[in-house]
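Q: In this note's numbering, the protein residues as written are 704 to 826.
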Amino acid sequence: MRIGELARLTGVSVRSLRYYEEQSLLRPERHPNGYRSFSESDVERVAQIQLLFASGLNSRCIADLLPCMCGSGTDEFTTPAPYLVDGLLPVRERIVAQITALTASLQTLDRVIAAARGPSPQG
């Protein structure tokens, strides 16, 4: 498939897909006319890349991590190099802190909504 179709299927801009290629996150086949040809597995790969970017990883770390991810989805992994794990631990800690903060925000929002609705008619 061409880059426009991959962009449409993934909801990722063509510009971003080109950036992923520049960073060696995607490796499409190149035709003699210069056109890129992506495979069906690239749709899943783009989803993985998006997930990793959303978790706060940079493209260099993602490039190191992607070879460890195998199978469909992101639940199967090969053993990553120890240096990679050391770099991921601070990212994990940051995500846990964000989850804690978001959970507190959600609880506050739920209390405000409940107060705005007033007492339950069953109470």
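Every residue, glycine too, gets a C-beta built ideally from N, C-alpha and C.
1) Using 8 Å as the threshold, is the C-beta distance between residue 758 and residue 715 below it?
2) Tell me where the alpha helix (DSSP H) around residue 722 begins and ends.
3) By how many angstroms is the C-alpha of residue 824 removed from the C-alpha of residue 836?
4) Using a C-beta cutoff of 8 Å, does residue 804 count as contacting chain D?
5) Mind checking residue 738: buried by the 16 CB within 10 Å criterion, or exposed?
6) From the DSSP output, read off the bridge partner residues of residue 732.
7) Alpha carbon to alpha carbon, how far is residue 707 from residue 735?
A: In terms of the structure at hand:
1) Contact: no.
2) 717–725
3) This structure cannot speak to residue 836, because the chain is shown only from 704 to 826.
4) Here chain D cannot be found, since the structure has a single protein chain.
5) Residue 738 is exposed by the Cβ-count criterion.
6) 740
7) 18 Å
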